[in-house]
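Reading through the structure tokens given below for one structure.
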Amino acid sequence: MKQLFLTLSLAVLSQPAATWAVTPPPNAAGVSNGHLHLNVRDVDANTKFFVAMGGAATKEAGVVEFPDVVVRLRKQDPTGESVGSVVNHVGFLVPNVPEYMAKMKAANLKTEAGNRPEQGFLYTPDGLKIEILEDKAQTVPI
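Numbered per mature numbering (1 follows the signal peptide of the UniProt record, and there is no 0), the sequence shown spans residues -21 to -1, 1 to 121.
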């Protein structure tokens, strides 16, 4: 029994650090998010979209990393777009919305102006609405 316990303990403790992902601490609004797991028609097209947004592709197919958030893409036809569904949109912060949105437009991503200068929207190839909001104090690009 002791041998089995030691073997199982070693197996658990020897797992790669990525399996021990820690959700970042909540921000001033009390929000903390570790990952988005999205069903998409085309993993490659959506990976390119999130990389164009400022994420970094990983060695694992369909995984894009942002500071404090990982986007996981799974090939499965979505049943619809986000607007009008349970999840209307997700959001990201950037230091300068007009500058960021100009870059996204130049990258040929589907963009939409917000109701104010420090707000904009992007749409993934499968229609997920992404709100871009400005936080001038932010020290990372997204």
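By construction, the Cβ of each residue, glycine as well, lies at the ideal position given by its N, Cα and C atoms.
On a predicted model such as this, the values are computed, not experimentally measured, just so you know.
_Comparing C-alpha positions only, which one of D47, N87, T37 and V65 sits nearest to T118?_
D47
*Inter-residue Cα distance where the pair is R20 and K27*: Their Cα atoms are separated by approximately 13 Å.
*Out of I109, V73, V30 and A36, state which residue places its alpha-carbon closest to the alpha-carbon of V66.*
I109
*In this structure, does DSSP put T26 in helix, strand or coil?*
helix
*asked:* At the level of alpha carbons, what is the spacing between L88 and A81?
replied: 10 Å
*Look at the alpha carbon of E91 and the alpha carbon of Q98, and state the distance between them as a whole number of angstroms.*
9 Å
*Indicate whether the contact test is met: 3 or more Cβ pairs, each with one atom in the region 4 to 18 and one in the region 49 to 62, closer than 8 Å.*
yes
*Mind reading off the beta-carbon distance from P120 to V73? Whole number of angstroms is fine, and I expect it under 8 Å.*
7 Å
*Hey, how far is the Cα of residue 122 from the Cα of D23?*
Given a span of -21 to 121 for the chain in the structure shown, any question on residue 122 remains unanswerable.
*asked:* Cutting at 6 Å between CB atoms, please list the residues of its own chain near A(-11), excluding the five before and the five after it.
replied: For A(-11), the pLDDT reaches just 48, beneath the cut-off of 50, and the residue's location in the model is therefore unreliable, although a value from the coordinates is still provided. If we look at A(-11) and ignore the five residues flanking it on each side, it has no Cβ neighbours.
*Could you pull the start and end residues of the alpha helix (DSSP H) that E110 belongs to?*
Here E110 belongs to no alpha helix (DSSP H); instead the beta strand (DSSP E) covers K108 to E113.
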